[in-house]
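Please read the structure below before turning to the comments.
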Amino acid sequence: MAASFLSNRIYYRFKPYLPWRLRMALRRLIARRKREAFRDVWPINEAAGGAPENWRGWPGGKKFALVLTHDVESSNGLAKCRRLMEMERRLGFCSSFNFIPEGDYQAPAELRSELLREGFEVGVHDLRHDGKLYWRRNDFTQSARSINSYLKDWNASGFRAAFMLHDRERLHHLKIEYDASTFDTDPFEPQPDGVNTIFPFWISDGNGGGYIELPYTLPQDSTLFLVLDETSPEIWKNKLEWLVARGGMALLNVHPDYLGFGNDLDAAEYPAAWYEDFLRHIKTAYAGEYWNPLPKEMARWFRENYRPAKKNHHSEDFFSANGHDAKLPLAGTRAAVVLYSYYASDPRPRREAEALQQAGADVDVICLRKDNMESAFEILDGVNVFRIPLKRRRGGRLVYIFQYACFLAASAFLLALWGLKKRYKLVHVHNMPDFLVFSGLVPRWLGAKIILDLHDPMPELFRSIYGLSEGHFFVCWLKMMEKRSIAFADLAITPNIAFKELFTSRSCLAEKMETVMNSPEAGIFNPENYGDKGRDNSPAFERSGERPFILMYHGLIVARHGLDLAVEAVARLKAKIPGIQLHLYGERTAYLERIMALTRELGVEKQVCFHGFKTLEEIAGDITRADLGLVPNRLSVFTEINFPTRIFEYLAMNKPVIVPSTRGIRDYFNDDEILFFEPSNTSDLAAKILWAYENPVELKRLVENGRLVYERNYWETERERFLGMVGRLLKLQSTTVTVEESLVSGR
-16 MAASFLSNRI YYRFKPYLPW RLRMALRRLI ARRKREAFRD VWPINEAAGG APENWRGWPG
44 GKKFALVLTH DVESSNGLAK CRRLMEMERR LGFCSSFNFI PEGDYQAPAE LRSELLREGF
104 EVGVHDLRHD GKLYWRRNDF TQSARSINSY LKDWNASGFR AAFMLHDRER LHHLKIEYDA
164 STFDTDPFEP QPDGVNTIFP FWISDGNGGG YIELPYTLPQ DSTLFLVLDE TSPEIWKNKL
224 EWLVARGGMA LLNVHPDYLG FGNDLDAAEY PAAWYEDFLR HIKTAYAGEY WNPLPKEMAR
284 WFRENYRPAK KNHHSEDFFS ANGHDAKLPL AGTRAAVVLY SYYASDPRPR REAEALQQAG
344 ADVDVICLRK DNMESAFEIL DGVNVFRIPL KRRRGGRLVY IFQYACFLAA SAFLLALWGL
404 KKRYKLVHVH NMPDFLVFSG LVPRWLGAKI ILDLHDPMPE LFRSIYGLSE GHFFVCWLKM
464 MEKRSIAFAD LAITPNIAFK ELFTSRSCLA EKMETVMNSP EAGIFNPENY GDKGRDNSPA
524 FERSGERPFI LMYHGLIVAR HGLDLAVEAV ARLKAKIPGI QLHLYGERTA YLERIMALTR
584 ELGVEKQVCF HGFKTLEEIA GDITRADLGL VPNRLSVFTE INFPTRIFEY LAMNKPVIVP
644 STRGIRDYFN DDEILFFEPS NTSDLAAKIL WAYENPVELK RLVENGRLVY ERNYWETERE
704 RFLGMVGRLL KLQSTTVTVE ESLVSGR
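Okay, structure coming up:
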C-alpha cells in the first residue's frame, strides 16, 4: 500500500510547516479542477445506486437508513462535542463520535461515558491521525495492537482511519464490527477509489470471520464547506433525495472541529446552523420514512440479515473419492494473474481469477492502473489486485511495443520478487501481448505451471487495425512471438473454435490448446433482474403507434466494427421505419468523430445517439429498452474468425441481434438461430433490419433458438471447464469444482 500513498507521504511530511490558509488555498485550487473533471461521478455516481443481491429492505419497511458520524480531530473539536450531541438529541437523532487515541488531545473518560449513557456511540479514529497508519506493514501490526487496546477500553466496535485512507485487508488485524473509512464516490480524498455502493457490505477474512464496511455516502462537511466553499447544505439535500429514491444508506461525517456555534466564525469553521437545517429537513421531509441506527447497530443488523452464508462444498465433489477430507480443490495454491488491462472492467480475466479464488487459491493479479482514482492495491472479491502505474494508450505499432515492454519488465520483476517468497504454483497470463507470458520466467524456473490465455490472435488483429499484408515483417515477427510464447506455456486457452484452429495450424499441437468461451455474467445479464422489460413481451415484439424502433451497439468504437455501415443503414431506413434510432455505447475514440460527422452528412444526427462508456450493469439495463442489437463488423482477417461476446449478451436478455455471416460466428450458429447479414454490405444490413422490424413473430423464434445456443455456453459451464483444465495441469486428484454464488458485497 505504501506505493499508493507516495504523494500523501510528501504532503504529511511537510504539512506541519505549511500554514493552514496556504494548505487550504492549495486544496481549493486542486478541488476546483477536480470538481469539473469529476462532475459525472460527484456528488452522485449513478453506478453506486444498485442494491445488493437478495436485498429485502430496511427494518420496519423504512425507505432509507440514516447514519450520522463525527470525527473529532483536535481539542477544539473535543470542546464542541457536548453542544453537537445536545443539538442532535433535541432533534431526535443519534450518532457516533470517533476520537483519536494518541492525538493532540485526550478523550476524557467522563465524556465517553456520557455519550454512551445518552444513547450515542464512541468509536476509534485512527491512532495518531498523522496519515502514516499504512506506511509500513510491520508498523501497522504494532499499531493494530494499540488500536485494539483502545477499542476494548472504550467499549468501542467501530474504526475509521485518518484522511479516509483504507486497506481493507490489514483491517482484519483489528477487533472491530465495522470500518467506516470508505465512500461511494469522493475524488477529493487522498485515496479517491470509491467502493461504488450506497449500502453496507461484508469484508471476509477468508476464514469465516470479517467485518462490515460502512461507506459514507453524503459528502463530508469539510469538503463541502471549507474546500469547495459551499454556503448551504443543498448538495446534502439533493443527494439525500437521490439516496432515498434508491433506498440506500445516507451516511454522513460531520467534524465538530469545523462547526461554528457563535456569530464570530474562524476561517476553519462554518455555521452549525447549516447542519441543523439539514437535520430539520430530514425530520420534516422524510418523517417516518427513515431508520436512524448507530453505526454499530447498522453493522450488527446487516451482519445478522445479510452476512453471506459460508460456502457449502459437498465432500463427494472434492477429494473424498481418494479418502481425503472435503476441501476446496485449489486450497493452498498460490496463483498469479498478469494482464495488460484494467482488471475491474475486463470480464474474462476477472471471472477466471475469481473462479480460482472461489476454488481455494490465493490469487495475486498484476494489471494496469487507469488513473489516480484507482488504488495501487485493492482486494476485489477475494482477489489481490496490484496495479502498475501505467495507462493504456492507443497509438502506432511502436507505441504499443514500448508500452508492452514496460509492462513486461515491471510484471516480470514483481513475479520474480514475489515468486521467490510465495512459490506460485500457477501463473496465468492474458494476451495481448503474447510475449507477456515470459514475465513468468522465474516462477516457471521454481516449478510453477504457466497458462497463456490468448484472447485474440495478434497477427490478425494488427493486420486488421493497420491494413498490413500477411507477409509484412511486423506480422511475421508477431507470428514468431506467438509460436515461442505458446511453446513457453504449459497450456494455452482461447475463446472460440476458429481461434483454436488458427493457433493449432501454425503454432502448437492441438493437445496444448483448449477453449473457454467469453460468456456473459448471468448475475448481470439476466432478464429477471429487470422485470417484464427483459421478457419475451418486450417492446421488440409488441410495438404500436409512434414508439421508437431502437437499434443498439455497445463495445469498442473502431473502424473494424463497422459503425459507418450501421449509420448508413439508418439513413436508408429513416423513411421506412418511423422513429428508428441507433444508440451507441463505448469509450470516446477518434473514430467516433468520423461517425458523428457521417451522421451530419447523411442527415441522421437526430436518429443517432452516443451514450459514452457504461458499466455492464447499465448496459444490461439499456438492452432491455432496445428492439434490436447490432454487431455490424466489417469483414477483415480478424473479424472473420472473431466471436463477439455481445451476441450472447443480447440473447441472454431475450433480445434479437444481427450479426455478420463469418466463420467465427457460424461455428456456433445456424441460419435458424440468429439473423445474419453479409459482412461489409450496407444494403443487406439495412434489408435485415427492415425484415426484423416487419416480422416480429419470426424474429422471436430466432431469439428462442439462439438463446438455446447461449444456454449451452453459460459461464457456469465454462468455469467448470476452466477449473478442470487447471486441476489437470496441476495434477490434482479431483478436478470437479462446485462453488455457490458469490458473497453479498453490495458492489
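Under the working numbering, the residues of the sequence shown are numbered -16 to 730, in order.
The C-beta atom is built at its ideal place from N, Cα and C for all residues, glycine as well.
All figures in this text were calculated on a predicted structure; none of them were measured in a lab.
Using alpha carbons as the reference points, say which of the options lies closest to residue i.
i	options	result
Phe659	Asp650, Ser666, Thr645	Thr645
Pro278	Leu424, Lys404, His53, Ala472	His53
Glu104	His112, Arg111, Leu110, Arg95	Arg95
Gly545	Phe445, Pro662, Leu474	Pro662
Trp257	His238, Tyr513, Ala542	His238
Lys46	Val420, Val227, Gly177, Ala327	Val227
Pro254	Asp150, Tyr387, Leu67	Leu67
Glu361	Leu339, Tyr325, Val382	Tyr325
Ala34	Ile181, Thr700, Ser78, Gly315	Ile181
Glu600	Tyr568, Ile563, Lys589, Ile507	Ile507
Asp347	Leu322, Pro330, Asp329	Leu322
His108	Leu424, Arg333, Gly86, Glu101	Gly86
Tyr241	Asp610, Thr206, Gly365, Thr598	Thr206
Gly731	Gly192, Arg702, Glu224, Val620	This structure does not reach residue 731, given that the chain is present from -16 up to 730, and the question cannot be answered.
Phe123	Asp150, Gly32, Leu485	Asp150
Ala554	Met232, Lys638, Leu585	Leu585
Ala797	Leu613, Phe421, Gly245, Leu556	In this structure the chain extends from -16 to 730, so residue 797 is not present and cannot be described.
What is the DSSP secondary structure of residue i, counted as helix, strand or coil?
i	result
Arg711	helix
Asp515	A caution first: Asp515 carries a pLDDT of 47, below 50, which makes its placement in the model too unreliable to give a value.
Thr700	helix
Thr645	coil
Gly306	At Gly306, the pLDDT of 33 sits below 50, so the modelled position is not reliable; the number obtained from the coordinates is stated separately. Note: Gly306 maps to coil in three-state DSSP.
Tyr568	strand
Cys491	coil
Val420	helix
Leu116	coil
His238	coil
Ala233	strand
Glu299	In this predicted model, Glu299 has a pLDDT of only 32, less than 50, meaning its place in the structure is not dependable; the value taken from the coordinates is given anyway. It is helical.
Ser434	Sequence check: residue 434 is Ile here, not Ser. Ile434: strand per DSSP, three-state reduction.
Asn131	helix
Tyr574	helix
Arg72	helix
Val541	coil
Ile371	strand
Val412	strand
Gly33	coil
Ile563	strand
Gly245	coil
Leu322	strand
Gln89	coil
Val178	coil
Residue i lies in the alpha helix (DSSP H); which residues open and close that run?
i	result
Ser215	Looking at the DSSP string, Ser215 is not in any alpha helix (DSSP H), and its letter there is neither H nor E.
Ser666	665 to 677
Gly402	380 to 405
Val456	This sequence places Phe at residue 456; Val is not what is there. Per DSSP, Phe456 belongs to the alpha helix (DSSP H) from 456 to 471.
Phe445	441 to 449
Glu631	The identity of residue 631 in the sequence shown is Phe, whereas the question assumes Glu. 629 to 635 is the span of the alpha helix (DSSP H), which, as asked, contains Phe631.
Gly612	No alpha helix (DSSP H) contains Gly612, which is instead part of the beta strand (DSSP E) from 611 to 613.
Leu548	546 to 556
Name the two residues that bound the continuous beta strand (DSSP E) containing residue i.
i	result
Ile606	Per DSSP, Ile606 belongs to no beta strand (DSSP E); it is in the alpha helix (DSSP H), 599 to 606.
Thr52	47 to 55
Trp185	184 to 187
Phe532	532 to 537
Phe660	658 to 660
Gly60	Per DSSP, Gly60 belongs to no beta strand (DSSP E); it is in the alpha helix (DSSP H), 58 to 62.
Arg587	Checking the sequence, you will find Val at residue 587 rather than Arg. Run containing Val587: none; DSSP gives neither H nor E here.
Could you pull the DSSP bridge partners for residue i from this structure?
i	result
Arg104	In the sequence under discussion, the amino acid at residue 104 is Glu, which differs from the Arg named in the question. Paired residue(s): Ser79.
Asp345	Arg317
Tyr199	Phe166
Glu497	Ile476
Phe261	Looking at the DSSP assignment, Phe261 forms no beta bridge with any residue, so it has no partner.
Arg143	His108
What ranges does the alpha helix (DSSP H) occupy inside the segment 267 to 295, keeping only unbroken runs of at least 4 residues that lie completely in it? 278 to 289
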